[in-house]
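In my numbering, the protein residues as written are 123 to 178. Backbone N, C-alpha and C fix where the C-beta goes; we use that ideal spot for every residue, glycine too. Report on the following structure.
Okay, structure coming up:
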């Protein structure tokens, strides 16, 4: 389940960045979106794992 946080975060934010590239005629917003999605996904994975370890 944790890997889905990372995959979905990158896909969603990368898609938002891609749409931003289309609207603003840039080429770098997709990479910003992918970076935000990766950081957000890793944060969710870390939070999920630490909460699971506290329950044990």
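Asked: Contact check, residue 128 vs residue 160 under 8 Å by CB: the rounded distance?; Found: 7 Å
Asked: What did DSSP end up calling residue 150 once you bin it into helix, strand or coil?; Found: coil
Asked: Look at residue 162 and residue 142 and say whether their C-beta atoms are less than 8 Å apart.; Found: no
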